[in-house]
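Visitor:
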Amino acid sequence: MKSWWSSEKPPVIERAEKDDLPNLARLHAECFQQNWGTPELTTLFDQKGVFFLVARVSKASLGFVVIRSIAGEAEVLTIAVSPKQQDKGVGRKLMEAAIFQLYSDRTEALFLEVDEANGSALKLYKNLGFKRVGERKAYYAASEGSGTALVMRCDLL
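The end of the sequence shown is residue 157 by our numbering, with every number in the run present.
(1) Give the C-beta separation of Q85 and L62 to the nearest angstrom, bearing in mind that I take them to be a contact with Cβ-Cβ under 8 Å.
(2) Quick check: the Cα distance between A16 and F51, rounded to an integer number of angstroms?
(3) Helix, strand or coil for R136? Go by DSSP, reduced to three states.
(4) Looking only at its chain, what residues have a beta carbon closer than 8 Å to the beta carbon of E14, apart from the 5 residues adjacent to it on each side?
(5) Round the Cβ separation of A159 and L102 to the nearest angstrom and send it over; I've been treating them as touching at under 8 Å.
(6) Could you please give the first and the last residue of the uninterrupted beta strand (DSSP E) stretch that includes L53?
(7) Would you mind sorting P11 into buried or exposed? The rule is 16 or more other CB atoms within 10 Å of its CB.
(8) Relative to the C-alpha of E113, which residue among K88, D155, V76, S58 is closest?
(9) Does the ligand PLP have even one heavy atom less than 8 Å from the beta-carbon of Q85?
(10) Less than 7 Å between C-beta atoms, sequence neighbours within five positions excluded: which residues of the same chain meet that for R92?
(11) The alpha helix (DSSP H) spanning S104 covers which residue range?
(12) With DSSP run on the structure shown, which of helix, strand or coil describes F45?
In structure tokens:
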């Protein structure tokens, strides 16, 4: 039976469940040298003010974002998209869903840190309305020295 989708099915963005955490830990390890395992993700999952959104097609997890919100501000703790799914709009869909949820919750601003060498992510965040508000030198471990994190802010209200 032919699907009404003209190409690949788009991912569904939904709240992650605790049962998803081992899969999300594997996905995080695919994306980052210094990655978070299931214990770290479980600790975050159980914290007040933290929510996880996951992008799925069928049951396959393509990416996820972890947000912490407190006192009218929120922070992207991590966002990971499967290397096979990068540059296909999965990260954008995750961020848009997170921003919509935070806006609905009347959160004033969303912050994140991004490696200044990550051109794709910087372009995405700028297109979503994030502005650079600071930097943290030697924040990321890099193969040649250390990388600078740019601190970015998006005003939601």
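Glycine included, every Cβ here is placed at the ideal spot set by N, Cα and C. Computed from a predicted structure; not experimentally measured.
Guide: From the atom records:
(1) Numbered from 1 along the sequence shown, position 85 holds the residue referred to as residue 85. Numbered from 1 along the sequence shown, position 62 holds the residue referred to as residue 62. Contact holds; Cβ gap of about 5 Å.
(2) Mapped onto the sequence shown, residue 16 falls at position 16. Mapped onto the sequence shown, residue 51 falls at position 51. Distance between A16 and F51, taken at the CA atoms: about 8 Å.
(3) In the sequence shown, counting from the first residue as 1, residue 136 sits at position 136. In the structure shown, R136 adopts extended strand secondary structure according to DSSP, grouped into three states.
(4) Sequence index remark: in the sequence shown, residue 14 carries index 14 (1-based). Closer than 8 Å at the Cβ level, and outside the excluded window around E14, lie L53, V54, R56.
(5) The structure shown does not extend to residue 159, since the chain is modelled only from 1 through 157, so no value can be given for it.
(6) Residue numbering aside, residue 53 sits at position 53 when the sequence shown is read from its first letter. First-last of the beta strand (DSSP E) with L53: 50 to 57.
(7) Here residue 11 refers to the residue found at position 11 when the sequence shown is read from its first residue. Flag for P11 reads buried.
(8) Locating residue 113 in the sequence shown gives position 113, where the first residue counts as 1. Minimum Cα distance to E113 is reached at V76.
(9) The ligand PLP is not part of this structure, which contains no ligands at all.
(10) Position 92 of the sequence shown, counted from the first residue, corresponds to residue 92. Here R92 has L124 as same chain residues with Cβ atoms under 7 Å from its own Cβ, once five neighbours each way along the sequence are excluded.
(11) For this step, residue 104 is matched to residue 104 along the sequence shown. Segment 90 to 104, the alpha helix (DSSP H) holding S104.
(12) Position 45 of the sequence shown, counted from the start, is the residue given in the question as residue 45. It is helical.
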